[in-house]
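In case it helps, numbering that gives the first Met the number 0 puts the sequence shown at residues 0 to 152.
The beta carbon of each residue, even a glycine, is placed where N, CA and C say it ideally should be.
All values derive from a computational prediction rather than experimental measurement.
Here's the structure we're looking at; comments come further down.
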Amino acid sequence: MRTEDAKKIREAIGRLHRFFHTLSRGVDQHDGTSSITIAQVAVLRAVHHHPGLTMKELKERMGLAHSTISGIVDRLELKQLIERRVDANDKRFTRLYVNPEVQSYMMHQRVQLIDKSLSTYVEAASDQELEEIHRALQTLERLFLANSDKEDA
0 MRTEDAKKIR EAIGRLHRFF HTLSRGVDQH DGTSSITIAQ VAVLRAVHHH PGLTMKELKE
60 RMGLAHSTIS GIVDRLELKQ LIERRVDAND KRFTRLYVNP EVQSYMMHQR VQLIDKSLST
120 YVEAASDQEL EEIHRALQTL ERLFLANSDK EDA
């Protein structure tokens, strides 16, 4: 039955997502930025992926108290990793942005560290297994893209 297959695929994707999340958190913790807490890394990642967030938006996205988010942002600002800018269109709002070095790190070095870490896990796979994984992921991507095209129509 297709519903049961869909459930198995969803569960497998969930496990892969958790594995990848754990892998990337490990990279964030062991890449020489040990003076940054896990919560600070999470804020940096959120602001990197959503530049211009307000404190309220960040609080809602992170699910933490305003005072907690404010303290984290204050410490990141002291470390010059994040900056607050007054919204040009509405002076009542302050928007958050990561500095250019953090932006570069998140876009380049972090990805390379994740790739390097991930490669240690796939070293044990045979060429055939790697090809099967690659083919299965391509098929899944193709099916998702084909379905999203139908939803957009």
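DSSP three-state call for residue i: helix, strand or coil?
{"i": "I35", "result": "coil"}
{"i": "A152", "result": "Note that A152 has pLDDT 49, beneath the 50 cutoff, so the model's placement of it is unreliable and the number below is only indicative. Here A152 sits in coil by DSSP."}
{"i": "L63", "result": "coil"}
{"i": "A5", "result": "helix"}
Is the CB-CB distance between residue i and residue j below 8 Å?
{"i": "I75", "j": "L52", "result": "Contrary to the premise, residue 75 reads as Leu rather than Ile in this sequence. Cβ distance not < 8 Å, so L75 and L52 don't count as in contact."}
{"i": "M105", "j": "H47", "result": "yes"}
{"i": "R93", "j": "V101", "result": "In the sequence as displayed, the identity of residue 93 is Thr instead of Arg. No. Outside cutoff."}
{"i": "M61", "j": "A45", "result": "yes"}
Alpha carbon to alpha carbon, how far is residue i from residue j?
{"i": "V40", "j": "A64", "result": "17 Å"}
{"i": "A145", "j": "L117", "result": "28 Å"}
{"i": "K58", "j": "L129", "result": "40 Å"}
{"i": "I81", "j": "Q111", "result": "22 Å"}
{"i": "K115", "j": "T67", "result": "33 Å"}
{"i": "F18", "j": "K6", "result": "18 Å"}
{"i": "R1", "j": "P50", "result": "40 Å"}
{"i": "G70", "j": "R91", "result": "20 Å"}
{"i": "R83", "j": "L95", "result": "5 Å"}
{"i": "A11", "j": "V72", "result": "35 Å"}
{"i": "Q79", "j": "S34", "result": "13 Å"}
{"i": "T36", "j": "D4", "result": "39 Å"}
{"i": "T138", "j": "A38", "result": "36 Å"}
{"i": "A135", "j": "Q127", "result": "12 Å"}
Let's see if you can read the secondary structure: which residues bound the beta strand (DSSP E) around residue i?
{"i": "L95", "result": "93 to 97"}
{"i": "E82", "result": "81 to 85"}
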